[in-house]
Each structure stands twice: as C-alpha cells, then as structure tokens.
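Counting from 1, position 2 in the sequence shown corresponds to residue 613 in the numbering used here; the numbering is continuous, with no gaps. Down below is the structure, laid out as structure tokens.
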Amino acid sequence: MTERGALVRERRETAKGHAYALVTVNRPQALNALNRDLVEALAAAFEELGADPELDGIVLTGAGGRAFVAGADISELRDLTPEAAFQFARRGQEVMRIIEGTGKPVIAAIGGYALGGGLELALACHLRVAGPKARLGLPEVKLGVIPGYGGTQRLPRLIGRGRALRMILTGEPVGSEEALAAGLVDAVHEDAVEGAAALLDRVLANGPLAVRNALLAVDAGLSGLEDGLLSEASLFASLAGSDDMREGTGAFLEKRPARFRGA
612 MTERGALVRE
622 RRETAKGHAY
632 ALVTVNRPQA
642 LNALNRDLVE
652 ALAAAFEELG
662 ADPELDGIVL
672 TGAGGRAFVA
682 GADISELRDL
692 TPEAAFQFAR
702 RGQEVMRIIE
712 GTGKPVIAAI
722 GGYALGGGLE
732 LALACHLRVA
742 GPKARLGLPE
752 VKLGVIPGYG
762 GTQRLPRLIG
772 RGRALRMILT
782 GEPVGSEEAL
792 AAGLVDAVHE
802 DAVEGAAALL
812 DRVLANGPLA
822 VRNALLAVDA
832 GLSGLEDGLL
842 SEASLFASLA
852 GSDDMREGTG
862 AFLEKRPARF
872 RGA
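Okay, structure coming up:
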C-alpha cells in the first residue's frame with residue numbers, strides 16, 4: 612500500500628487472480644472534495660499506473676463511506692478570474708483525459724455522493740459501479756456555474772441529451788437505481804468496491820490486447836470531444852466574471868440560499 616497526500620494506492624487481486632490497483636481518494640473530512648493538489652495527485656497516479664505492466668486494471672473509490680467525491684473544493688472556485696477559471700477547467704479536463712486514456716480498464720466504485728467534479732471524475736472512468744445509497748449529480752448551476760471538468764460533454768454521450776440536460780439544468784442528483792436505469796452506472800452492488808472488482812474480472816476474462824484496442828477505438832470514435840471540452844472550459848470561464856458565480860459559491864460556503872440576479 613502506498614499513500615501520497617490525499618490518495619491511497621493498494622495492489623489487490625480479483626477473485627480470478629487479476630492484479631489491479633485500488634486507488635482511494637482519502638479526504639473523508641471534506642467528503643473527498645477535489646482540490647488542486649488532489650487533481651495533480653490523480654494525474655501522477657494514473658500516469659504511473661497506466662505504465663505499470665504488472666497491473667491489469669484500476670478501481671477508483673473514495674474513503675469514509677459517505678462519498679466517492681462530493682464535488683470540487685468550492686473555496687478554490689469563489690475568487691477565480693475568467694482567465695484563471697479557464698486554466699482551472701482545462702487542467703481538470705486534461706487530468707480526466709489522462710484517466711480515460713490509461714489503456715487499462717478503469718472502474719469507479721461509487722459508495723456515496725458523486726457530485727459535480729466527483730461525477731465528472733466517475734464519468735472519466737470506463738465503467739461505474741454504485742452502492743445502494745449512492746447519489747450522483749451535477750449541481751453546478753446551483754452555484755451559478757456549469758460543469759467544467761467534462762460533465763457537459765461526457766454525460767450526454769453516456770445517457771442521452773434529454774436525461775443529461777435534466778440533470779445539468781436542475782442540478783438535482785439521482786439515486787443508484789435511477790442511475791442504473793439511465794445507463795449512468797453499470798451495476799449496483801452492496802459493496803461498490805467488491806462489485807467493481809467483479810466487473811473487472813468479467814472484462815479481464817477477455818483478450819487483453821482486444822480490451823486495450825477496444826478502449827482506444829471507442830475513444831478515437833468520440834472525435835468531437837476535444838472541441839466540446841474547449842467550449843465547456845470557455846463557457847465555464849465566462850461565468851467566473853459574473854456576480855451570480857460569486858453569489859452562488861458564496862452562498863454555498865455561507866450555508867444560505869443563493870439570490871441570483873442574472874448578471
């Protein structure tokens with residue numbers, strides 16, 4: 612087991628003997644919220660794990676039982692300028708692409724809240740297993756912003772435009788069974804990590820080169836993703852200069868209802 616900052620990495624084997632890395636986001640006191648340091652730790656971890664020839668796959672989860680990742684660290688968003696917000700979003704998007712492009716199957720084990728950046732992190736994984744009490748959503752509009760780590764692009768590709776728009780525009784989360792019915796998660800299991808390892812076994816029972824090339828082929832087919840991510844980052848950045856973003860993030864941190872003015 613290795614620990615680097617807010618990430619814990621552990622080598623495990625599935626029931627059928629496949630070696631995988633269990634990567635745990637370990638900020639339970641903050642519901643595993645993403646901050647800049649954690650985003651960089653994820654980038655470094657997945658680059659190393661993707662290059663490790665002894666690992667067949669990766670399972671990503673959150674510590675503490677209450678959350679996978681409950682969103683971004685709002686205190687880091689509140690005072691972003693438009694230029695800083697653009698760079699913030701683009702770096703987050705780059706890290707999600709690192710995860711997506713490891714060349715090995717990556718499965719998110721969602722045992723609790725996966726909100727905002729947390730759901731975007733789960734969407735960057737290839738498959739998702741939820742625990743029975745999981746809650747998944749993109750609540751950014753409630754803060755006066757939009758998803759900036761790829762949520763506006765990956766969610767519609769995964770569950771369709773209509774369902775994705777309902778989640779993005781209302782900011783309301785869905786439970787594990789609704790997420791399963793929508794195709795947002797691939798299985799619901801009492802223990803999300805055990806369920807993810809079992810699903811990994813089903814994937815790894817197949818030809819390893821075929822699995823790797825299938826991941827590459829699907830990724831290459833989503834050729835419009837990069838343009839979409841750039842547009843998302845630009846629109847996210849444009850909101851960083853708005854009074855509504857200041858009000859939305861401030862209201863969240865001050866634990867009061869937001870009073871948006873549309874400016």
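Using N, Cα and C, we set each Cβ at its ideal position, and we do this for glycine too. All figures in this text were calculated on a predicted structure; none of them were measured in a lab.
Asked	Found
Taking 8 Å as the threshold, find out whether the segment 702-716 comes into contact with the segment 773-782 through three or more Cβ pairs.	no
Which residue's Cα is closest to the Cα of P767: A741, A674, L795?	L795
What are the boundary residues of the beta strand (DSSP E) that includes I718?	717-721
Taking the runs of the alpha helix (DSSP H) that are 4 residues or longer, which of them lie wholly in the segment 697-752?	728-735
I'd like to check one pair, I721 with G703: are the Cβ atoms closer than 8 Å?	no
Which word fits E865, buried or exposed, when buried means at least 16 other C-beta atoms lie within 10 angstroms of its C-beta?	exposed
Return helix, strand or coil for E783, following the three-state DSSP convention.	coil
Does the separation of the CB atoms of G880 and D855 fall below 8 Å?	Since the first and last residues shown for the chain are 612 and 874, residue 880 lies out of range.
Report buried or exposed for G832, applying the criterion of at least 16 other Cβ atoms within 10 angstroms of its Cβ.	exposed
Beta carbon of L815, beta carbon of Q764: below 8 Å?	no
Does the distance from the C-beta atom of F847 to that of A654 stay below 8 Å?	no
Am I right that V619 and L671 are in contact with their C-beta atoms under 8 Å? What's the rounded C-beta distance?	Contact flag wrong, Cβ pair sits at about 11 Å.
Drop a sphere of 10 angstroms on the beta-carbon of R746, count the other beta-carbons inside from all chains shown, and report buried for 16 or more, exposed for fewer.	buried
Could you check the C-alpha separation between L791 and L769 for me, to the nearest Å?	12 Å
Please state if the CB of A807 and the CB of V706 are separated by a distance shorter than 8 Å.	no
I need the DSSP call for R623, collapsed to helix, strand or coil.	strand
Using alpha carbons as the reference points, say which of A719, L730, A683 lies closest to V785.	L730
Quick check on this structure: which residue in P639, D797, L688 has the alpha carbon closest to the alpha carbon of G885?	One cannot answer for residue 885 here, as it falls past the ends of the chain, which runs 612 to 874.
So what does Y631 bridge to, in DSSP terms?	R623, G668
If contacts are defined as beta-carbon pairs under 8 Å, then A662 and V636 qualify, I think. What distance do you get, rounded to the angstrom?	With a Cβ gap of about 21 Å, A662 and V636 do not count as contacting.
Just verifying my parser: in three-state terms, what is the DSSP assignment at L815?	helix
Is it buried or exposed for V822, if we count other Cβ within 10 angstroms and need 16 for buried?	buried
Helix, strand or coil: which one does DSSP assign to L833?	coil
Could you check what DSSP says for G773 in three-state terms: helix, strand or coil?	helix
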